[in-house]
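Contents: one structure, followed by commentary.
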Amino acid sequence: MRQIVLDVETTGLDSGAGHRIIEIGCLEMTNRRLTGRNLHFYINPNRSIERNAFAVHGISESFLTDKPLFSDIADELIIFLQGSELIIHNASFDTAFLDYELKLTGRDFQKISDYCQILDTLTIARKKHPGQHNSLDALCRRYHIDNSRRKYHHGALLDTELLAQIYLLMTGGQTNLFESKNFTNSTQLSRIKIQRLGKDRKSFRIIEANEKEKMAHKEFLALLRTKGMCL
1 MRQIVLDVET
11 TGLDSGAGHR
21 IIEIGCLEMT
31 NRRLTGRNLH
41 FYINPNRSIE
51 RNAFAVHGIS
61 ESFLTDKPLF
71 SDIADELIIF
81 LQGSELIIHN
91 ASFDTAFLDY
101 ELKLTGRDFQ
111 KISDYCQILD
121 TLTIARKKHP
131 GQHNSLDALC
141 RRYHIDNSRR
151 KYHHGALLDT
161 ELLAQIYLLM
171 TGGQTNLFES
181 KNFTNSTQLS
191 RIKIQRLGKD
201 RKSFRIIEAN
211 EKEKMAHKEF
221 LALLRTKGMC
231 L
């Protein structure tokens, strides 16, 4: 199964108020394994960035002036995402922005949910950990994932890396134990048959006790005979 872990950074919190996407990060997974393929864009929003949003991601308007517009990258993005399952934390936020951006292109794009299935890890976390904080940082702490690079600023690609780890641990426990060519999971390990060693096996090495160890053993046996089995 092909899955894409996705995150966006924006100029503000509300796409309905005209805020825009300024960064998109995507990581590809196949059969619960990261493939190494990713898609990452910084995007010129053609508008100002709210101070509170800048405090979160640290992406400035001046940095984005020479970056492509969303309409310039829309085709490449949809081609990469199409047919996959999108894994997003608080998916309604990201998908609302993606739908808004696709609409603004003025082209014949559909909603993002028409191209992909959507899986919201926040919904999974709330079911698994009811009544607890389930932000990305809270889940990193809960699952002992190092999020130190997120201390000062968030980033779309960084957040997808963290979310991929959270998703795999939340939905399947330890995921990297069997990464050799022979074993991919514990189910395969359980199918291994125990075989009796044949007569042609190599002899086991016998390590003899030295004289000091033999003497200590004799003294211990003598003590047992004198005081009984309970010392």
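Read in order, the letters of the sequence shown are residues 1 to 231 in my numbering. Where a beta carbon is used, it is the ideal one built from N, C-alpha and C, also for glycine.
Whole angstroms is fine: what's the gap from residue i's alpha carbon to residue j's?
{"i": "residue 122", "j": "residue 167", "result": "10 Å"}
{"i": "residue 64", "j": "residue 47", "result": "10 Å"}
{"i": "residue 39", "j": "residue 89", "result": "18 Å"}
{"i": "residue 132", "j": "residue 209", "result": "58 Å"}
{"i": "residue 129", "j": "residue 11", "result": "30 Å"}
{"i": "residue 21", "j": "residue 32", "result": "28 Å"}
{"i": "residue 126", "j": "residue 134", "result": "7 Å"}
{"i": "residue 99", "j": "residue 111", "result": "5 Å"}
{"i": "residue 155", "j": "residue 9", "result": "7 Å"}
{"i": "residue 102", "j": "residue 172", "result": "34 Å"}
{"i": "residue 96", "j": "residue 76", "result": "19 Å"}
{"i": "residue 28", "j": "residue 34", "result": "6 Å"}
{"i": "residue 181", "j": "residue 124", "result": "Residue confidence is low: residue 181 scores 43 on pLDDT, short of 50, so the model does not pin down where it sits. No coordinate-derived value is stated."}
So, using beta-carbon positions, are residue i and residue j closer together than 8 Å?
{"i": "residue 91", "j": "residue 120", "result": "yes"}
{"i": "residue 5", "j": "residue 169", "result": "no"}
{"i": "residue 61", "j": "residue 43", "result": "no"}
{"i": "residue 26", "j": "residue 80", "result": "yes"}
{"i": "residue 2", "j": "residue 83", "result": "yes"}
{"i": "residue 41", "j": "residue 73", "result": "yes"}
{"i": "residue 57", "j": "residue 153", "result": "yes"}
{"i": "residue 160", "j": "residue 7", "result": "yes"}
Over what stretch of residues does the beta strand (DSSP E) that includes residue i continue unbroken?
{"i": "residue 38", "result": "33-42"}
{"i": "residue 172", "result": "Run containing residue 172: none in the beta strand (DSSP E); it sits in the alpha helix (DSSP H), 156-172."}
Bridge partners for residue i per DSSP, in chain order?
{"i": "residue 6", "result": "26"}
List the endpoints of the continuous alpha helix (DSSP H) containing residue i.
{"i": "residue 61", "result": "61-64"}
{"i": "residue 19", "result": "Here residue 19 belongs to no alpha helix (DSSP H), and DSSP marks it neither H nor E."}
{"i": "residue 52", "result": "51-57"}
- Task: Please go through the stretch 76-152 and give each complete beta strand (DSSP E) segment of 3 or more residues, from N-terminal end onward.
- Result: Qualifying beta strand (DSSP E) stretches, in chain order: 85-88, 117-120.
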